[in-house]
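Written as structure tokens, this is what we have:
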């Protein structure tokens with residue numbers, strides 16, 4: 667049921683009340699990640715442990731303890747929702763706006779329609795809120811190389827992907 671400000675409450679009697687935010691409609695990946703974590707069933711939330719490399723880089727998550735299948739499935743649904751890809755139409759709209767606000771690299775003669783399609787196709791592998799954030803906060807006067815965008819997209823989405831991977835490896 668709707669409880670206002672884009673939040674929906676689950677009324678399943680066997681699960682705690684779980685908030686499923688519409689934060690993914692925004693463009694703040696940090697806020698979305700906070701909402702996603704808060705929306706996970708408490709027993710899943712408290713037992714997702716971060717794994718780090720020797721250099722301090724997050725390498726994944728481990729789900730410790732025993733969990734009910736329903737709690738794990740609810741957590742998976744929340745994470746999958748948070749990873750929902752941007753629509754091709756919205757990607758093209760955002761790219762068109764970015765193109766209007768930036769200059770092409772000197773000597774770039776690539777057809778604009780081809781460029782927009784190629785970027786939009788690749789953007790469809792990333793969560794909508796992350797794409798919005800990365801494209802709306804591009805602060806260079808130059809059109810970005812795909813490698814630059816890809817790096818920023820990964821920085822803002824990999825935690826959710828790793829959490830989902832840990833949940834998918836765990837049987838309920």
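In the working numbering, the protein residues as written are 667 to 838.
From the three backbone atoms N, C-alpha and C, an ideal C-beta is built for every residue, glycine too.
- In this structure, the beta-carbon distance from residue 741 to residue 833 falls below 8 angstroms.
- Between residue 761 and residue 819, the C-beta gap is not smaller than 8 angstroms, which leaves the two residues out of contact.
- Every alpha helix (DSSP H) stretch that sits fully inside the stretch 687-755 and reaches 4 residues is listed by chain position as 695-705, 708-711 and 735-748.
- The three-state reading of DSSP puts residue 808 in strand, counting E and B together.
- Residue 836 and residue 713 have their alpha carbons spaced roughly 12 angstroms apart.
- Nearest to residue 735 by C-alpha distance, out of 710, 726, 808 and 831, is 710.
- The criterion of a C-beta distance shorter than 8 angstroms is not satisfied by residue 702 and residue 798.
- Per the C-alpha coordinates, the member of 821, 784 and 733 positioned closest to residue 755 is 784.
- Residue 751 is not a Cβ neighbour of residue 707, given a cutoff of 8 angstroms.
- Inclusion of residue 768 and residue 812 in the CB contact set at 8 angstroms is not warranted, their separation being larger than that value.
- Under a 10 Å Cβ-count criterion, residue 749 is classified as buried, with 16 or more other Cβ atoms of the shown protein chains found around its own Cβ.
- Looking from the CA of residue 830, the closest CA among 693, 816 and 699 belongs to 699.
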